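*Asks:* Here you go, one structure.
Numbering (the working numbering), first residue to last: 3 to 328.
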């Protein structure tokens with residue numbers, strides 16, 4: 003028999019943060035919930051911290067695996083999950099009080115497949131970096147749900163500020179990418195969703211620090227962001243909707259190149275340009291083959307062409323000159 007909610011948490015060397023994370027979830031007071039912690043080959047005291055809390059709270063379940071990354075850990079969690087609804091949390095983040103009960107109420111009220119709430123990006127000391135604001139919205143129909151996510155209008159890429167119906171994951175798993183596996187997976191899930199609820203409530207606190215994905219320096223592993231964009235574009239049967247992941251991919255090609263260049267590693271910069279080029283060309287081909295959004299994006303598209311021809315020149319421009327994703 004299914005329980006109400008499964009919370010899946012991949013944890014790698016998270017001893018400093020996971021106690022606060024787990025207590026914020028336990029404190030949600032959802033009547034029928036399980037917390038599945040997947041220890042992803044941690045070398046610190048993560049297991050000890052989680053085991054201590056698991057001994058106090060029976061809803062905490064701990065499993066261990068070799069270190070293979072967030073996507074693999076989440077896939078293990080999906081196999082173990084017994085919830086009617088499923089959500090994800092990163093081990094260094096925490097939940098807003100009352101978030102899950104609010105989200106579960108809304109997803110049941112509208113018989114929705116996905117509910118999404120607003121979040122805050124913060125430093126470890128709680129100082130606000132950026133508020134990911136949203137407004138209340140109900141989206142109905144598979145095409146509209148897919149468009150809503152791909153357009154990134156009143157929506158964010160994250161998995162952790164959303165709750166999903168279990169059925170959406172049937173036969174579907176995260177691709178084994180190191181970055182942006184959530185972008186692709188969200189595209190798949192929204193493509194198959196018939197109804198989505200967006201809330202303006204803050205539900206999630208996303209912590210930025212040196213060891214978080216957002217705090218690390220750029221390297222070749224960021225090619226996975228580009229691969230995820232291409233995979234998402236390939237997923238889209240509709241040419242109009244396909245434009246959005248094409249733009250996502252091209253924007254990130256330029257963004258990553260810019261970041262690597264300004265880290266002072268020119269060898270890595272040129273390697274990235276060479277290795278990302280075929281993906282970039284593939285996206286440009288789709289963009290320029292009868293694209294329905296030329297009028298509103300013509301400046302961006304010309305910029306893409308200039309970057310293709312003169313990448314080392316374009317990355318020297320001020321960052322404000324870029325037409326980056328939000």
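Heads up, the beta-carbon is just placed ideally off N, CA and C, and yes, glycines get one too.
Quantities reported herein were computed from a predicted structural model and do not represent experimental measurements.
Does the separation of the CB atoms of residue 36 and residue 61 fall below 8 Å?
*Replies:* In the chain shown, residue 36 corresponds to position 34, counting from 1. In the chain shown, residue 61 corresponds to position 59, counting from 1. The answer is yes: Cβ separation under 8 Å.
*Asks:* Measure the C-alpha to C-alpha separation of residue 308 and residue 252 and round it to an integer number of angstroms.
*Replies:* Against the chain shown, residue 308 aligns to sequence position 306. Against the chain shown, residue 252 aligns to sequence position 250. Using only the alpha carbons, I get a separation of about 12 Å.
*Asks:* Take the Cβ of residue 57 as the centre, count every other Cβ of all protein chains shown within 10 Å, and call the residue buried at 16 or more, exposed below.
*Replies:* Position 55 of the chain shown holds residue 57. Looking at its Cβ environment, which holds fewer than 16 other Cβ atoms inside 10 Å, residue 57 is exposed.
*Asks:* So what does DSSP say about residue 68, is it helix, strand or coil?
*Replies:* Within the chain shown, numbered from 1, the residue matching residue 68 stands at position 66. In the three-state DSSP reduction, residue 68 falls in the coil class, being neither helix nor strand.
*Asks:* Express the C-alpha separation of residue 54 and residue 240 in angstroms, rounding to a whole number.
*Replies:* The count along the chain shown starts at 1 and reaches residue 240 at position 238. The count along the chain shown starts at 1 and reaches residue 54 at position 52. Those two C-alpha atoms are separated by around 50 Å.
*Asks:* By DSSP's criteria, residue 118 is part of a beta bridge. Which residues make up the other side?
*Replies:* As a first step, residue 118 is located in the chain shown; it is residue number 116 there, counting from the start. DSSP lists 164 and 200 as partners of residue 118.
*Asks:* Looking at the unbroken beta strand (DSSP E) that takes in residue 130, where does it start and where does it end?
*Replies:* The count along the chain shown starts at 1 and reaches residue 130 at position 128. From DSSP, the beta strand (DSSP E) with residue 130 extends over 130-134.
*Asks:* Check the Cβ-Cβ distances between residue 188 and every residue of chain B, and say whether any is below 8 Å.
*Replies:* Although the question refers to chain B, the structure presented lacks it and comprises just one protein chain.
*Asks:* Assign residue 231 to buried or exposed, taking buried as 16 or more other Cβ atoms, counted over all protein chains shown, within 10 Å of its Cβ.
*Replies:* Taking the first residue of the chain shown as 1, we reach residue 231 at position 229. Label assigned to residue 231: buried.
*Asks:* Straight-line CA distance for residue 164 to residue 130?
*Replies:* Reading the chain shown from its first residue, position 162 is the one you call residue 164. Reading the chain shown from its first residue, position 128 is the one you call residue 130. Going from the Cα of residue 164 to the Cα of residue 130 covers about 21 Å.
*Asks:* Within its chain, find whatever has a CB closer than 8 Å to the CB of residue 70; leave out the 5 residues flanking it on each side and keep chain order.
*Replies:* Start at 1 with the first residue of the chain shown, and residue 70 comes out as number 68. Closer than 8 Å at Cβ, skipping near neighbours: 42, 43 and 178.
*Asks:* For a test of the three-state rule: what should DSSP assign to residue 278, helix, strand or coil?
*Replies:* Numbered from 1 along the chain shown, position 276 holds the residue referred to as residue 278. DSSP places residue 278 within a helical segment (H, G or I) once states are collapsed to three.
*Asks:* Would you call residue 176 buried or exposed, if buried means 16 or more other Cβ atoms sit within 10 Å of its Cβ?
*Replies:* One-based indexing of the chain shown puts residue 176 at position 174. Residue 176 is buried by the Cβ-count criterion.
*Asks:* Shortest alpha-carbon distance to residue 189 belongs to which of 145, 74 and 208?
*Replies:* If you number the chain shown from 1, residue 189 lands on position 187. Nearest C-alpha to residue 189: 145.
*Asks:* Report the residue from 192, 183, 74 and 221 whose alpha carbon sits nearest the alpha carbon of residue 233.
*Replies:* Walking along the chain shown from the start, residue 233 turns up at place 231. That would be 183, whose Cα lies nearest to the Cα of residue 233.
*Asks:* Could I get the ranges of all uninterrupted beta strand (DSSP E) runs contained in the segment 8-90, with 3 residues as the minimum, in chain order?
*Replies:* 35-42, 62-67 and 85-90
*Asks:* For residue 220 versus residue 275, is the C-beta spacing smaller than 8 Å?
*Replies:* The residue labelled residue 220 in the question sits at position 218 within the chain shown. The residue labelled residue 275 in the question sits at position 273 within the chain shown. No, Cβ-Cβ distance for residue 220 and residue 275 is not below 8 Å.
*Asks:* Secondary structure at residue 205, three-state DSSP: helix, strand or coil?
*Replies:* Reading the chain shown from its first residue, position 203 is the one you call residue 205. In this structure, residue 205 counts as strand in the three-state DSSP scheme.
*Asks:* Have a look at residue 135 and residue 159 and give me their C-alpha separation to the nearest angstrom.
*Replies:* Mapped onto the chain shown, residue 135 falls at position 133. Mapped onto the chain shown, residue 159 falls at position 157. The alpha-carbon atoms of residue 135 and residue 159 are separated by roughly 13 Å.
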